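Residue numbers (the working numbering), protein chains in the order written: chain V, 44 to 352; chain F, 44 to 352.
First the structure, in the form of structure tokens, and then the observations on it.
Next comes the structure, spelled out in structure tokens:
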């Protein structure tokens, strides 16, 4: 994400954050380039498709949350890279599968042809499947104590499963073209996008010093993750209406075109904006007691709510 | 698997094994029924599709290998259930995705309509995705010490990834309709089916008492798993030619119809049979030093090579 716009008036991320965001993004990109299987090794086409799906694009919101939360528990950089890769692999695989003809049938993602367009449908499906496996492998192969490794994998598995991302997508399929109540929309989004964003926060913190992750700190981060997970989706829905395809790097207005309920269609634009600000306030309040260790998380809350893509 | 036939002359599994196989299968089915998310809970259709994919069918070769290998390290029954579920979930998800129109486009599996036929393509894809996540969750939620939990997940992640099952399937896609050498066929099958079967053996053993899993025992089990993983596929290829659709519960002769290279097409029927016997001998030799603890593994080697479906 680059410099924040003022999509939501009155909230502006600090400019100093830009440098950190750029460096964290570069750090992630370098780690992913090194850790993803290379296309000079068999099966080459599968590896190429996996790299295409992950590298060279995306806002990297989940890795940024991992890195920021890692500051709360003074996490080691390599451990954070692995957690960031794992979360982003799961996110990337979900996009690859979501774009397939049997799901959203989309041809543009991050300003590039989607994986099944650039490769083929079978390769896209396998690349998604392999990225999910790789997400668990990249954590399993890390150097953290087994208790932390197991906790990280547990967090990821639940965030990716039927009460998290996959479950949310299944509900998403079932609500196309029908009216739903705000509570149902919230539930769907808390699962579909919120669960993995919250996992990013917790996994960043779980990668650090266990002594710094008290029950109280963990609870604060859970509340922060809950609020930001939902805020991200509310802003996404606002951008789907207000943003341009060029800014977004994906087809704008596609939710409306597919008759999918969104925060804008269910609440209206003004109420959606107000909700995003309330969620930001909740997130900031949740981590207020964590002091300077949570400075990046506070700044990210602003960035996520102010982004223009 | 029911009573063994004499597809490969001279090899016959002991009848006493039948009772154990039936009981282990029932145990697995009960555990899966209890642990899989129920369709009375949202997202109901997704849960129903996941249960449809896993329950009420299949030879359960991987769970049987988990339970048999667990005897080597005196593993606790509940821990073995979880390892068996995890491996079978990964296997089941691969079948669901493999049957989709963009892959093999098959309509019959385990004698029933495939998941995308019984539900729809999007639900089938999501059910597969969710089963993979659930595989890791079911281990992560177990009661084993973290060191064993982390080892189990590591084994599973690698067996499912690009140097295991997904990688093998990618190679499978790339060899359709062309001549390949026996070494390439072997490599593909060691990845596509062998890796997960070997993981089943190792995960069964890893679920038990660590003190009983010496480096030497682990090596023996790895060799056993390598040999049986390949033997299973060789027999599969023989059955694809010799078996009937009714016995197999899936479309017979489909590899030939899809111009996929098999052990029969590459080596011929007699050489394929001879290879399956050599692999059985290798498997038996590998665990010869493990004594009575490995009795079930020895019996399973015979059952896998003698099966008629």
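Glycine is no exception: its CB is placed at the ideal position from the N, C-alpha and C atoms.
Predicted model only: the values in this text are computed from it and were never measured.
| query | result |
| --- | --- |
| Taking all protein chains shown into account, decide if residue 244 of chain V is buried (16 or more other Cβ within 10 angstroms of its Cβ) or exposed. | buried |
| Within the continuous alpha helix (DSSP H) that includes residue 217 of chain F, where are the two ends? | 208–218 |
| When you compare only the Cα positions, how much space is there between residue 64 of chain F and residue 237 of chain F? | 21 angstroms |
| So does the region 141–156 of chain F actually touch the region 105–119 of chain F, counting three or more Cβ pairs closer than 8 angstroms? | no |
| Inspect the beta-carbon positions of residue 272 of chain F and residue 111 of chain F and report whether they are closer than 8 angstroms. | no |
| List in chain order: all unbroken alpha helix (DSSP H) runs of 4+ residues lying wholly within the region 140–221 of chain V. | 158–161, 164–183, 189–203 and 208–218 |
| Relative to the C-alpha of residue 282 of chain V, which candidate in V/345, V/99, V/70 and V/298 has its C-alpha closest? | V/298 |
| Can you tell me whether residue 306 of chain F sits near the ligand PLP, meaning its C-beta is under 7 angstroms from at least one heavy atom of the ligand? | In the structure on display, the ligand PLP does not appear, and there are no ligands present to speak of. |
| Is there a Cβ from chain V that is less than 8 angstroms from the Cβ of residue 213 of chain F? | yes |
| Relative to the C-alpha of residue 347 of chain V, which residue among V/87, V/116, V/102 and V/284 is closest? | V/102 |
| Answer with buried or exposed for residue 321 of chain V, where buried requires no fewer than 16 other C-beta atoms within 10 angstroms of its C-beta. | exposed |
| Is it a yes or a no for the region 207–225 of chain V touching the region 158–171 of chain F, going by three-plus beta-carbon pairs under 8 angstroms? | yes |
| Okay, do the region 131–143 of chain V and the region 249–262 of chain V touch, 3+ Cβ pairs below 8 angstroms being the bar? | no |
| Is DSSP giving residue 305 of chain V helix, strand or coil here? | coil |
| Along chain V, which residues have their Cβ under 8 angstroms away from the Cβ of residue 217 of chain F? | 86 and 88 |
| What separation, rounded to the nearest whole angstrom, lies between the Cα atoms of residue 343 of chain V and residue 73 of chain F? | 46 angstroms |
| Identify whether residue 61 of chain V lies in helix, strand or coil by the three-state DSSP scheme. | helix |
| If contact means a Cβ-Cβ distance below 9 angstroms, which residues of the region 150–166 of chain F contact chain V? | 159, 163, 164, 165 and 166 |
| Find the residues of chain F that neighbour residue 201 of chain V, judging by a C-beta separation of less than 7 angstroms, and give them in chain order. | 180 |
| Quick one: list the residues of chain V neighbouring residue 80 of chain F, beta-carbon separation under 7 angstroms, in chain order. | 205 |
| Does residue 76 of chain V come within less than 8 angstroms of chain F when only Cβ atoms are used? | no |
| Is it buried or exposed for residue 254 of chain V, if we count other Cβ within 10 angstroms and need 16 for buried? | exposed |
| Which residues of chain F have a Cβ atom closer than 8 angstroms to the Cβ of residue 177 of chain V, listed in chain order? | 200, 204 and 205 |
| Expressed to the nearest angstrom, what Euclidean distance is found between the alpha-carbon atoms of residue 329 of chain V and residue 181 of chain V? | 30 angstroms |
| Return no unless some Cβ of chain F is closer than 8 angstroms to the Cβ of residue 197 of chain V. | yes |
| For residue 60 of chain V and residue 340 of chain V, what's the separation of their Cα atoms in angstroms? | 11 angstroms |
| Kindly list the residues whose CB is nearer than 6 angstroms to the CB of residue 326 of chain F, restricted to its own chain and excluding five residues on each side of it in sequence; keep chain order. | 267, 270, 271 and 344 |
| Using a Cβ cut-off of 8 angstroms (strictly closer), state whether residue 140 of chain V contacts chain F. | yes |
| With DSSP as the reference, label residue 352 of chain V as helix, strand or coil. | coil |
| Residue 333 of chain V CB to nearest chain F CB: under 8 angstroms? | no |
| Based on Cα-Cα distance, which residue from F/337, F/233, F/278 and F/139 lies nearest to residue 314 of chain F? | F/278 |
| Give the list of continuous alpha helix (DSSP H) stretches no shorter than 4 residues that lie fully inside the region 238–279 of chain V. | 238–249 |
| Give me the Cα-Cα distance between residue 84 of chain F and residue 226 of chain V, rounded to the nearest whole angstrom. | 17 angstroms |
| Using the beta-carbon count (16 or more within 10 Å), is residue 76 of chain V buried or exposed? | exposed |
| Look at the Cβ atom of residue 118 of chain V, then the Cβ atom of residue 196 of chain F, and state whether they are nearer than 8 angstroms. | no |
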